[in-house]
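Notes follow the structure.
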Amino acid sequence: MNWLEGLEKIVRRDEPLAMHTWLQLGGPAEFFAEPRTLEELAALVQRCRAEEVPLRILGRGSNILVRDEGVRGVVVQLTAGVFRQIQVEGEQILAGGAARLGRVVTTAVHEGLAGLEPLVAIPGSVAGALRTNAGAVGTDIGQWIVSAKVMTETGQIVDRSREELGLGYRRCLLDEPVILEVCFR
Numbered sequence: 001m002n003w004l005e006g007l008e009k010i011v012r013r014d015e016p017l018a019m020h021t022w023l024q025l026g027g028p029a030e031f032f033a034e035p036r037t038l039e040e041l042a043a044l045v046q047r048c049r050a051e052e053v054p055l056r057i058l059g060r061g062s063n064i065l066v067r068d069e070g071v072r073g074v075v076v077q078l079t080a081g082v083f084r085q086i087q088v089e090g091e092q093i094l095a096g097g098a099a100r101l102g103r104v105v106t107t108a109v110h111e112g113l114a115g116l117e118p119l120v121a122i123p124g125s126v127a128g129a130l131r132t133n134a135g136a137v138g139t140d141i142g143q144w145i146v147s148a149k150v151m152t153e154t155g156q157i158v159d160r161s162r163e164e165l166g167l168g169y170r171r172c173l174l175d176e177p178v179i180l181e182v183c184f185r
């Protein structure tokens, strides 16, 4: 059986990663996937684990260099709307992992929620910023995080508290492969 069976609509072979990075450099991904739903993402994550195929998540392509030889395994980019949603609930903001961090900051400002403004110039996605605990002007994203919803390598969705994220200077010790949503306050 072909390990990609049933995933053909979301997976491409030998996709040039240069067109997915800010620097427009780098070789191809052996497989490149753009799941459209949580279910497709979970199926892909589970299949990669079962077949021992390396899985990497590519955010918005900022702050990354791809070698000319390319990347073995599956590179996933979450471009579908379900992964980019931003919702305001009282004093909290729920942002999809693929949402642009700058857009989250401007949404907060428009809703009268202060604090995230120092992060407005940080390029990339919410998930990428969390993975590196990105910061600016003496702050980091971790200061405003309440929790994160993540997908495990078995495809399960679980919530992780701020404490479970293991945040430190420019680091996050999260083990799960996919950050689906982040809650800010």
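This note's numbering numbers the first residue of the sequence shown as 1 and each following residue consecutively.
Idealized CB from N, CA, C, for every residue including glycine.
Remember, predicted model here, so these are calculated numbers, not experimental data.
Under three-state DSSP, which class holds residue i?
{"i": "THR79", "result": "coil"}
{"i": "ALA148", "result": "strand"}
{"i": "THR139", "result": "strand"}
{"i": "PRO28", "result": "strand"}
{"i": "LEU113", "result": "coil"}
{"i": "GLY90", "result": "coil"}
{"i": "LEU7", "result": "coil"}
{"i": "GLY155", "result": "coil"}
Out of the options, which one is the CA nearest neighbour of residue i?
{"i": "GLU40", "options": "ILE86, GLN77, PHE184, ILE10", "result": "ILE10"}
{"i": "VAL120", "options": "GLU111, THR107, GLY112", "result": "THR107"}
{"i": "PRO16", "options": "ARG47, ALA42, LEU58", "result": "LEU58"}
{"i": "LEU165", "options": "CYS183, GLN156, VAL53", "result": "CYS183"}
{"i": "GLU91", "options": "THR154, VAL75, ILE145, ARG160", "result": "ILE145"}
{"i": "HIS20", "options": "GLY124, GLU181, LEU167, ASN2", "result": "GLY124"}
{"i": "ALA127", "options": "VAL53, GLU181, ALA136", "result": "GLU181"}
{"i": "ARG160", "options": "LEU167, SER147, GLY168", "result": "SER147"}
{"i": "VAL76", "options": "THR37, GLY168, ALA136", "result": "THR37"}
Considering only their Cβ atoms, is the gap separating residue j from residue i smaller than 9 Å?
{"i": "LEU25", "j": "ALA18", "result": "yes"}
{"i": "ARG162", "j": "ILE93", "result": "no"}
{"i": "GLY73", "j": "ALA29", "result": "yes"}
{"i": "GLU69", "j": "VAL88", "result": "no"}
{"i": "GLY96", "j": "GLN85", "result": "yes"}
{"i": "GLU153", "j": "ARG49", "result": "yes"}
{"i": "VAL45", "j": "VAL178", "result": "yes"}
{"i": "VAL53", "j": "ARG47", "result": "yes"}
What's the C-alpha gap between residue i and residue j?
{"i": "VAL66", "j": "GLY27", "result": "7 Å"}
{"i": "GLY115", "j": "VAL105", "result": "9 Å"}
{"i": "VAL158", "j": "VAL150", "result": "6 Å"}
{"i": "ALA98", "j": "LEU23", "result": "19 Å"}
{"i": "PRO35", "j": "GLY155", "result": "13 Å"}
{"i": "GLU51", "j": "TRP3", "result": "7 Å"}
{"i": "SER62", "j": "PRO118", "result": "18 Å"}
{"i": "ASP14", "j": "ALA43", "result": "21 Å"}
{"i": "ARG56", "j": "ALA136", "result": "26 Å"}
{"i": "GLY6", "j": "LEU113", "result": "43 Å"}
{"i": "LEU167", "j": "ILE64", "result": "20 Å"}
{"i": "GLU8", "j": "ARG100", "result": "27 Å"}
{"i": "VAL109", "j": "PHE31", "result": "39 Å"}
Is the number of C-beta pairs between the region 71–87 and the region 138–145 that are closer than 8 Å three or more?
no
The region 124–134 contacting the region 169–184, beta-carbon criterion three pairs below 8 Å:
When C-beta atoms of the region 124–134 are compared with those of the region 169–184, three or more pairs fall below 8 Å, so the two segments count as touching.
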